[in-house]
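One structure is given below, encoded as structure tokens.
In my numbering, the protein residues as written are 847 to 899.
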């Protein structure tokens, strides 16, 4: 595996983890402020996935 392929795999894993964790955190917290922070984290993860696309 080349270095760029490894970088893409790691970047995909990190972005997908941030998107999923942000979505789960957004739906499970009761605080509106924390929910907004998790929503922004989820959007950042999804934006990273679109960049990788």
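Backbone N, C-alpha and C define an ideal beta-carbon position, used for all residues, glycine too.
- In terms of alpha-carbon separation, which member of 848, 888, 897 lies closest to residue 869? Position 23 of the chain shown holds residue 869. Ranking the options by Cα distance to residue 869, first place goes to 888.
- Query: So what's residue 899 in DSSP terms, helix, strand or just coil?
  - Reply: One-based indexing of the chain shown puts residue 899 at position 53. The three-state secondary structure of residue 899, taken from DSSP, is coil.
- Would DSSP call residue 847 helix, strand or coil? Translated into the one-based positions of the chain shown, residue 847 becomes position 1. DSSP places residue 847 in coil when its eight states are reduced to three.
- Using DSSP with H/G/I as helix, E/B as strand and the rest coil, what is residue 875? One-based indexing of the chain shown puts residue 875 at position 29. In the displayed model, residue 875 falls within coil according to three-state DSSP, outside both helix and strand.
- Query: By a C-beta neighbour count over all protein chains shown, 10 Å radius and 16 as the cutoff for buried, is residue 882 buried or exposed?
  - Reply: By 1-based counting over the chain shown, the position of residue 882 is 36. So residue 882 counts as exposed.
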